[in-house]
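Working notes, beginning with the structure itself.
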Amino acid sequence: MKNPLWAKVTKLAILIPVSLIVLVGCSAALAQGGGKAEPNRIEFKRGTTSTIISGAVRGDEQAEYVLAAKKGQRLIIKLTSVPVKSSVFQLLGEDHDTLGLEYDANYDYSGVLPKTGDYFITLTRPGQSKGMSRYRLTVSVRE
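To convert, count from 1 in the sequence shown and add 103; that's the numbering used here.
Here is the structure:
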């Protein structure tokens with residue numbers, strides 16, 4: 104005659120590891136396709152007002168940056184890429200306002216900032232372009 108308590112313990116001994124494997128697998132899948140990474144913060148070296156960032160984007164990847172700036176400062180952005188014009192950028196204000204810039208064909212920007220706060224720069228390949236783009240982003244802030 105089998106002990107009913109032993110049968111329950113045996114079932115739990117099998118069920119717990121299987122549950123853990125499923126839980127770990129699901130959390131890994133969510134982490135891969137899930138949340139969005141924080142943008143890279145742009146900071147200037149002491150005594151400078153500009154910086155150069157180099158990187159690459161493939162297919163529909165995006166590179167995201169955030170910059171703190173003050174109302175009335177002039178923000179200057181210059182983007183070059185290889186192949187030529189294979190990357191574009193979008194500039195958004197803290198409230199996700201476009202400041203008049205869409206992704207279309209932004210390679211340069213110079214404008215006086217309307218508010219103090221964070222500004223977001225997102226680089227991507229134009230349209231549904233395939234392949235890879237190496238970029239060089241020069242960001243300057245002037246009083």
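Beta carbons: idealized from backbone N, C-alpha and C, even for Gly.
Host beta strand (DSSP E) of residue i (start-end)
i	result
ASN143	143 to 145
ARG177	177 to 185
GLN165	165 to 172
ARG161	153 to 161
ASP211	211 to 215
ARG245	235 to 245
ASP221	220 to 227
GLN193	191 to 195
Per-residue burial, residue i [other beta carbons within 10 Å of its own, 16 or more giving buried]
i	result
SER236	buried
THR151	exposed
ARG144	exposed
SER184	buried
LEU133	Interpretation of LEU133 is limited by its pLDDT of 39, a score under 50 that renders its predicted location unreliable; no figure is taken from the coordinates.
LYS233	exposed
Whole-angstrom distance between residue j and residue i, CA atom to CA atom
i	j	result
GLY220	LYS188	29 Å
LEU178	VAL244	5 Å
GLY196	GLN231	25 Å
PHE223	PRO186	24 Å
ASP163	LEU226	10 Å
GLU246	GLN176	5 Å
LEU194	THR201	6 Å
ASP198	VAL169	13 Å
TYR210	GLU141	23 Å
PHE171	PHE192	For the sequence presented, residue 171 should be read as Ala rather than Phe. The straight-line gap from Cα to Cα measures roughly 17 Å.
Residues near residue i by beta carbon distance below 6 Å, same chain, minus five either side
i	result
THR241	ILE155 and LYS181
SER213	ILE179
Contacts around residue i, its chain only, beta-carbon distance under 7 Å, and the 5 residues preceding and following it disregarded
i	result
GLY158	ALA166 and TYR238
Contact set for residue i: own chain, Cβ-Cβ below 8 Å, skip 5 residues either direction
i	result
LYS174	LEU216, PRO217, LYS218 and THR219
VAL160	ALA166, SER190, LEU226, THR227, ARG228, MET235, SER236 and TYR238
PHE147	SER153, THR154 and VAL244
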